Amino acid sequence: MKKVIIAPSILSADFSNLAHGVKMLEEIGADWVHIDVMDGHFVPNITIGSEVVKALRGTTKLFFDVHLMITNPEKYWRDFKKAGADLIVFHQEVLADKKKLAKDIKDSGIKVGISIKPKTSVEEIESLLPYLDLVLVMTVEPGFGGQSFMEDMIPKIKRLRKIIDEKKYNCLIEIDGGINAATGELCVGAGADALVSGSYIFSAIDPADAIKSLSI
Ligand code: DX5
Ligand code: ZN
Numbered sequence: 118m119k120k121v122i123i124a125p126s127i128l129s130a131d132f133s134n135l136a137h138g139v140k141m142l143e144e145i146g147a148d149w150v151h152i153d154v155m156d157g158h159f160v161p162n163i164t165i166g167s168e169v170v171k172a173l174r175g176t177t178k179l180f181f182d183v184h185l186m187i188t189n190p191e192k193y194w195r196d197f198k199k200a201g202a203d204l205i206v207f208h209q210e211v212l213a214d215k216k217k218l219a220k221d222i223k224d225s226g227i228k229v230g231i232s233i234k235p236k237t238s239v240e241e242i243e244s245l246l247p248y249l250d251l252v253l254v255m256t257v258e259p260g261f262g263g264q265s266f267m268e269d270m271i272p273k274i275k276r277l278r279k280i281i282d283e284k285k286y287n288c289l290i291e292i293d294g295g296i297n298a299a300t301g302e303l304c305v306g307a308g309a310d311a312l313v314s315g316s317y318i319f320s321a322i323d324p325a326d327a328i329k330s331l332s333i
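Residue numbering for the sequence shown follows this note's numbering, starting at 118 and increasing by one per position.
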């Protein structure tokens with residue numbers, strides 16, 4: 118059985134002590150840290166900037182998966198790279214030249230991904246797949262943690278898996294929004310390689326058990 122990458126979202130961590138949250142993730146075996154960057158424009162919420170990422174970078178060696186829910190990723194991605202991002206994910210729905218942006222990020226020496234909101238189809242990113250390390254499929258409308266998983270996104274995950282396998286692209290599928298043991302299993306069954314999970318892990322009585330329940 119393939120190993121699923123678990124990427125807890127620190128959006129649900131205690132913001133008054135993020136370093137503690139990240140340390141805990143390290144101790145309980147998280148693979149990546151998912152960092153949700155929101156600009157109050159692309160989504161109706163404002164969260165973390167590159168200075169916070171930089172501060173956290175000094176506290177852990179965990180892989181930083183930075184999810185940019187911002188209108189102008191072409192303007193800000195370098196700040197997040199400098200801050201220590203290992204993977205930068207921007208959204209298909211922004212106006213920027215996505216192919217150029219993906220290439221620029223990749224050429225800078227880090228990994229790159231594109232995220233698709235629930236209403237965006239796989240076909241819209243199909244031509245970009247050869248340039249991507251990852252596609253992030255949103256299973257909630259981006260903006261807030263703690264929302265319910267949209268089960269009608271499962272066929273989309275299956276379709277993406279089929280294309281990536283058929284064309285032998287070197288591209289991971291990551292799922293974000295409403296992931297718990299049950300919905301995580303559905304996603305892995307549909308072909309997901311990585312699972313983001315925020316409220317399920319951080320509100321669990323035992324976050325280590327929560328991570329384990331996502332890995333099997
Ligand atoms: C939502 C964010 C998610 C969010 C997931 O816009 O992209 O990463 O933190 O939180 P849960 O797991 O609580 O749905
Ligand atoms: Zn996210």
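Backbone N, C-alpha and C fix where the C-beta goes; we use that ideal spot for every residue, glycine too.
All figures in this text were calculated on a predicted structure; none of them were measured in a lab.
Curious, which full-length beta strand (DSSP E) runs of at least 3 residues does the region 152 to 196 contain?
Whole beta strand (DSSP E) segments, 3+ residues: 180 to 186.
For G308, which option in L253, H184 and V211 has the closest C-alpha, if you only look at C-alpha atoms?
For the purposes of this step, residue 308 is identified with residue 191 of the sequence shown, where counting begins at 1. Of the listed residues, the one whose Cα sits closest to G308 is L253.
Please list, in chain order, all residues of the same chain as G262 whose beta carbon is under 7 Å from its beta carbon, the five residues on each side excluded.
Looking up residue 262 in the sequence shown gives position 145. Cβ neighbours of G262 beyond the five flanking positions: S126, L128, S129, G315 and S316.
Measuring CA to CA, which of L218, G201 and L245 is closest to C288?
As a working mapping, residue 288 is identified with position 171 in the sequence shown. It is L245 whose Cα lies nearest to the Cα of C288.
Do you know how far the Cα of D323 is from the Cα of D214?
Locating residue 214 in the sequence shown gives position 97, counting from the first residue. Locating residue 323 in the sequence shown gives position 206, counting from the first residue. Looking at the two C-alpha atoms, the distance is approximately 43 Å.
Is the closest heavy atom of the ligand ZN to the C-beta of E184 under 7 Å?
Your numbering for residue 184 matches position 67 in the sequence shown. Correcting the residue identity first, residue 184 is His in this sequence and not Glu. Yes, Cβ of H184 sits closer than 7 Å to a heavy atom of the ligand ZN.
Would you check if the region 137 to 150 and the region 278 to 287 touch, i.e. whether three or more CB-CB distances between them fall below 8 Å?
The answer is no - the region 137 to 150 does not touch the region 278 to 287, with fewer than three Cβ pairs under 8 Å.
Whose CA, out of T188, R174, F207 and W149, lies closest to the CA of D156?
As a working mapping, residue 156 is identified with position 39 in the sequence shown. Considering only alpha carbons, the answer is T188.
Could you give the C-beta distance for A327 and I318, rounded to a whole number, given that I count them as a contact under 8 Å?
Walking along the sequence shown from the start, residue 327 turns up at place 210. Walking along the sequence shown from the start, residue 318 turns up at place 201. Indeed, because the Cβ distance is near 5 Å, the residues count as touching under 8 Å.
According to DSSP, what are the bridge partners of P125?
Counting from 1 along the sequence shown, the entry for residue 125 is found at position 8. DSSP lists S314 as partners of P125.
Where does the unbroken alpha helix (DSSP H) through V305 begin, and where does it stop?
Indexing the sequence shown from 1 puts residue 305 at position 188. Residues A298 to A307.
Identify the residues that DSSP records as bridge partners of D293: which are they?
Looking up residue 293 in the sequence shown gives position 176. Paired residues: M255.
Whose C-alpha, out of E302, A298 and P235, is nearest the C-alpha of K273?
Here residue 273 is taken as the residue at index 156 of the sequence shown, counted from 1. Comparing Cα-Cα distances from K273 to each of E302, A298 and P235, the minimum goes to P235.
Taking the DSSP output, what are the residues bridged to G230?
Sequence index remark: in the sequence shown, residue 230 carries index 113 (1-based). Answer is V206 and L251, bridged to G230.
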